[in-house]
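Asker: Plus 918 on top of the position in the sequence shown (first one is 1) and you've got the numbering used here. Ideal placement from N, C-alpha and C gives every residue a C-beta, glycine not left out. Given the structure is predicted, the values throughout are model-derived calculations rather than measurements. Dropping the structure in here first, questions after.
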Amino acid sequence: MTTVLAMQFTGGSPLASFIPLLAFIAIFYFLFLLPQRREQKRHGEMLAALKRGDQVVTMGGLVGEVIHLTDEVVQLKSGDARVAVERARIARLVNPPAAVK
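Okay, structure coming up:
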């Protein structure tokens, strides 16, 4: 008798208990994983489009001009120094000044 009463009070399908978990996973995906994938894609496209003469900033904060490129290494000129940096360590391009019309 107590088993029957316990089943009546708990009720519902086991699938219903997974709905909050699935909702949490969906929210986590849309808030964290999707934007990160977009940023990785944008960064990869930027790295693929690098060319000589581009002004870049490395993840270490070094600002320099691209003088030589290979698949893995980018050679930068910063002041009088020349530095070789892994291509993946380029953080961003320096925005060129806006053209005056």
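Spell out a yes or no on whether the segment 988-1004 and the segment 944-955 are touching, meaning 3 or more CB-CB pairs, one atom from each, closer than 8 Å.
Answerer: Too few Cβ pairs lie closer than 8 Å, so no.
Asker: Assign V974 to buried or exposed, taking buried as 16 or more other Cβ atoms, counted over all protein chains shown, within 10 Å of its Cβ.
Answerer: By the 10 Å Cβ count, V974 comes out buried.
Asker: How big is the Cα-Cα spacing for S935 and A941?
Answerer: Taking the straight line joining both Cα atoms gives about 11 Å.
Asker: Under the three-state reduction of DSSP, which class applies to E1004: helix, strand or coil?
Answerer: Strand.
Asker: Who are H986's beta bridge partners in DSSP?
Answerer: DSSP, once it has assigned bridges, lists Q993 as partnering H986.
Asker: Do you know how far the Cα of I937 is from the Cα of G962?
Answerer: Cα-Cα distance, rounded: 36 Å.
Asker: Which residues in the same chain have their Cβ closer than 7 Å to the Cβ of P932, if we skip the five residues on either side of it in sequence?
Answerer: Hits under 7 Å: none found.
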